[in-house]
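Number of protein chains: 2
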Amino acid sequence: MKNNLTPLEPKADKATVRRHNLSLVLRAVHDAGEATRAGVATHVGLTRAAVSSLVEQLLEYGFVSEGGKTSSGQAGRPGTVLRVARSGPAGLGVEINIDYVAVCVVDLAGTDRVRLVEHVDNRGVQPSEVLTRAARLAARAIGSAAEQDLAPAGAHVALPGLVTGGTVRQAPNLGWRRVAVEGLFAQALLALRPAHRPLPVSSDNEANAAALAELWFGAGTEGVRSFLYLTGEIGIGGALVLKGELLRGAHGFAGEIGHMVVDPEGPRCRCGARGCLEQYAGQSALLAAAGIDADAGVQGVAELERRARKGDSAALSAIEGAGRRLGVVVSGAVNLFDPDAVMLGGVYRELMDWLAPAVDRELALRVVSGLWREDGKRLRASSSRGDAARGAAGVIVREVLADPAAYAERDRG
Amino acid sequence: MKNNLTPLEPKADKATVRRHNLSLVLRAVHDAGEATRAGVATHVGLTRAAVSSLVEQLLEYGFVSEGGKTSSGQAGRPGTVLRVARSGPAGLGVEINIDYVAVCVVDLAGTDRVRLVEHVDNRGVQPSEVLTRAARLAARAIGSAAEQDLAPAGAHVALPGLVTGGTVRQAPNLGWRRVAVEGLFAQALLALRPAHRPLPVSSDNEANAAALAELWFGAGTEGVRSFLYLTGEIGIGGALVLKGELLRGAHGFAGEIGHMVVDPEGPRCRCGARGCLEQYAGQSALLAAAGIDADAGVQGVAELERRARKGDSAALSAIEGAGRRLGVVVSGAVNLFDPDAVMLGGVYRELMDWLAPAVDRELALRVVSGLWREDGKRLRASSSRGDAARGAAGVIVREVLADPAAYAERDRG
DNA sequence: GGGATTTGTTTATTTGCGGCACAAAGTCAG
DNA sequence: CTGACTTTGTGCCGCAAATAAACAAATCCC
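Heads up: the protein sequence lines correspond to chains A and B, in order.
For the first sequence, numbering that gives the first Met the number 0 begins at 0 and goes up steadily by one.
For the second sequence, numbering that gives the first Met the number 0 begins at 0 and goes up steadily by one.
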């Protein structure tokens, strides 16, 4: 066997064990909402003594807080209630999109504490200008967070484009190429808050962040830990979550479903190829097929929905056509990935009622496992429209939860 | 944040640390081929004392063996050479395919030690009969292995079909539906070796096993740890390896690329849908397009290669057509997965020279990341034709390497 | 009010790694 | 050939973190 099995992980020692169990206890409290030391102990398998010691450290660090006594049920001494702290470390999510910039601060428990949105058309605007605007918004959000005793442990920037290693390789809808987002954003933010320690900045594709928002915060998707997520907007974005983990691919470009092929000889796409899905089920194509101005944007989609609701046959057949093509491509993706469900977001969410039958038909016909024939509840509407900022904030929160000690010690130094 | 983040991993304690480091040291020796305690220590970051203790345990268990002294180069006391033991635990791989059954025993170091193949047409034969035949072959292999002081720690069965939870859901090429492979095979093997402890049996798709063989044993693929693997045979199988890990999907059905759509209105496929890739680039379609008997099998492919080599225009255009369609579908898969490379196996391997240009053209045109335009060495021929049995054996070996203590203690009890 | 029960802490024990010293076994320079 | 230098592998001690067991505290139940 050769050496490309896996690069060897780091060694383990006492400190590793401690870090691991610290995270385990914190996440147990997190997931339970409210818990006691004894409850956590039986849940994670550690002794009460060990949990006590770990909780003590988490209290000291300020990651959990003690409440009253559990006056609950039956016999025995009541336990002390533990909750994830609602102040202290938090996640800062930033979403830069075509016609708005949004930032969002999420606390360790996962609740939105600050949310700011600024509507601006970012198309063709200098990247540095857009990022400076985003940084201004972020700085305001950090200020509001501070008033609530929250201190972001890092910022995660999501935007519609191919991003790898902190750089946007290309973002056609924004008109960006080779932009070092992380660096520029960090710099802009630092310039606005010169006295402060620089905030670690990471970045990702917007569809990925939205999919994570669906995973972590979506309603009605409990237990679905493997799904394909689609956003229909100007472009069609996609992301893949497998067993609770986002699949980023070897370079971070995974999930680009918008340019999968419907018909190799189809209409030319702005990507240079022919017959891409976007040309059939993208927002513009959808509107045009229904006889609505292709550039009408959100109003156009609302109009389409209105017409569909009225039973307008052009609208219905436009949606049906898009759905059929969507189904063809999505069935291919399902065959490749074998997810539990497919979530449709973006404009597809509003059109779900008319879109779903066509998509479902193709899926039932083409998914070889047959799972999609047997069970009709696998195609779902995403529960919230494009919450990429929140998902991005969640990425930071999850990092903290995964290694609380690292963050606590960073804040000391 | 909700509870579907990740189920909590097990707690960590001293024993966990020990197991982890034991595996780490064993794998370090494995990867190096030859190593000394001191070398391993610097490589994995443990102290020499710790490594000494771990190696002692590995020696006791029989996972590594000591050689002579390292009479190598410069100054200082020479170290004692450590190697992965060439006797003791091993992996048993079983491949059940359409026209043959193969078994293979691989030792911890990754070398083939026993290999048996039986050519039989398994189409339409009772599953229990096929599995009994495979078990007979396996029993013989275990016997040969025993003569070399090798004792398989488990068996991994690979076959062309959708397999989940130890059961084949469907295997169209074999004509199987709902067959409990693991149980039947284990039972058949036990019946042949009544005095022995039952061997743990696991199972998987054949393309997955072949992809793992490519990852672990493939020549010329060093460093490529993320790739899409394709086998062109009667059907077209696929598998996805991402960062050295096989992607099995939520139910184990991932990688089914053969029924991705080339043309939604194309010819009807045996799966019931229309225009599947298999209808354009499957072995039968390929031969038919070149004017060769579609059922001619391996001979047919050889004939096709001969004609292509001679410059026969019908053959060349048949291959080109298949390549174009393959390129269309593979570009979609690449957009979804973002692998580092695509490996073509099965019949595509022999036809690579004529197939690759067409596939490459589509990839360069359609992969949105642009990576496939910049670098032409991403499409490769698989290095060995269908070595699924070896890959399957590797799965067992890797399990042992990942937790040697577990296997050693199992063998004691 | 006494027994049962559950919680959280305290104390002693175990174990696996880090640090250090040291013997062993070589190279190198003179 | 000898002594300085290097490197390897192994004891020995200490530390940290978990386990095990005992105990005090707080509640329920009869």
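Here a beta-carbon is modelled for each residue, glycine too, at the ideal position from N, C-alpha and C.
| query | result |
| --- | --- |
| Just the Cα atoms here: how many angstroms apart are Gly271(A) and His258(A)? | 10 Å |
| On the three-pair Cβ rule with 8 Å, is the stretch 322-330 of chain A touching the stretch 355-365 of chain A? | yes |
| Select from the stretch 12-24 of chain A all residues with a C-beta closer than 8 Å to any C-beta belonging to chain B, and list them in chain order. | Asp12, Lys13, Thr15, Val16, His19, Asn20 and Leu23 |
| Which one or two residues does DSSP pair with Glu255(B) in a beta bridge? | Glu255(B) pairs with nothing; no bridge assigned. |
| May I ask you to list the residues that DSSP assigns as paired with Ile95(A)? | Val100(A) |
| Counting only Cβ pairs nearer than 9 Å, list the residues of chain A close to Cys103(B). | Going along chain A, no residue has its Cβ under 9 Å from Cys103(B), so there is no contact; the nearest lies around 13 Å. |
| How about the stretch 191-203 of chain B and the stretch 212-230 of chain B: do they share at least three Cβ pairs that are nearer than 8 Å? | no |
| At a CB-CB cut-off below 7 Å, which residues of chain A make contact with Val43(B)? | Leu7 and Lys10 |
| Does DSSP classify Ser143(B) as helix, strand or coil? | helix |
| Curious, which full-length beta strand (DSSP E) runs of at least 3 residues does the stretch 367-411 of chain B contain? | 378-380 |
| Is there contact here, the stretch 384-401 of chain B with the stretch 85-96 of chain B, by at least three beta-carbon pairs under 8 Å? | yes |
| Take Glu8(A) and list the residues in its own chain whose beta-carbon comes closer than 6 Å to its own, dropping the five residues that flank it on each side. | none |
| Pick from Arg379(A), Gln298(A) and Leu158(A): whose alpha carbon is nearest that of Ala221(A)? | It is worth fixing the name first, because residue 221(A) is Glu in this sequence and not Ala. Taking only the C-alpha atoms, the option nearest Glu221(A) is Arg379(A). |
| Quick one: grab the DSSP three-state call for Gln73(B). | coil |
| In chain order, what residues of the stretch 305-334 of chain A put their CB closer than 8 Å to some CB of chain B? | Arg323, Arg324, Val327, Val328, Ser330, Gly331, Ala332 and Asn334 |
| Specify the secondary structure class of Val200(A) as computed by DSSP and reduced to three states. | strand |
| Thinking C-beta only, is Val100(A) closer than 9 Å to Val113(A)? | no |
| Which runs of the alpha helix (DSSP H) fall wholly inside the stretch 256-289 of chain B and span at least 4 residues, in chain order? | 277-280 and 282-288 |
| Just to make sure I have the definition right: I need the residues of chain B whose C-beta is within less than 8 Å of the C-beta of Pro338(A). Which are they? | Gly248 and Ala249 |
| Any Cβ of chain B within less than 9 Å of the Cβ of Ala170(A)? | no |
| Got a sec, what are the start and stop residues for the alpha helix (DSSP H) Glu117(A) sits in? | Note, Glu117(A): premise wrong, no alpha helix (DSSP H); beta strand (DSSP E) at Asp111 to His118. |
| Does the distance from the CB of Ala332(B) to the CB of Gly237(B) come in under 9 Å? | yes |
| Which parts of the stretch 164-249 of chain A are runs of the alpha helix (DSSP H), unbroken and 4 residues or longer, counting only runs that do not cross its ends? | 180-191 and 205-216 |
| DSSP puts Val105(B) in a beta bridge; with which residues? | Gly90(B) and Asp111(B) |
| Quick check on Thr79(A): does DSSP put it in helix, strand or coil? | strand |
| DSSP three-state label for Gly296(A), please. | helix |
| Given Ala284(A), which residues of its chain have a CB within under 6 Å of its CB, disregarding the five upstream and five downstream residues? | Gln278 |
| From Tyr60(B) to Asp410(B), what does the alpha carbon distance come to, in whole angstroms? | 10 Å |
| Mind checking if Asp374(B) is an interface residue toward chain A, Cβ cutoff 9 Å exclusive? | no |
| Using 8 Å for Cβ pairs, my map puts Glu213(A) next to Met342(A). What's the rounded Cβ distance? | 6 Å |
| With 9 Å as the threshold, decide whether the Cβ of Arg114(A) is near any Cβ in chain B. | no |
| Between the stretch 27-42 of chain A and chain B, which residues of the former have a C-beta closer than 8 Å to a C-beta of the latter? | Ala27, His29, Asp30 and His42 |
| Can you name, in chain order, every residue of its own chain whose Cβ lies under 7 Å from the Cβ of Val399(B), other than the five neighbours on each side? | Pro88, Leu107, Ala152 and Tyr406 |
| So for Gly44(B), helix, strand or coil by DSSP? | coil |
| Do Phe62(A) and Pro356(A) have their C-beta atoms closer together than 9 Å? | no |
| Return the Cβ separation of Ser64(B) and Asp148(B) in integer angstroms, given the expectation that the two are a contact with Cβ distance under 8 Å. | Contact doesn't hold; Cβ gap of about 11 Å is too wide. |
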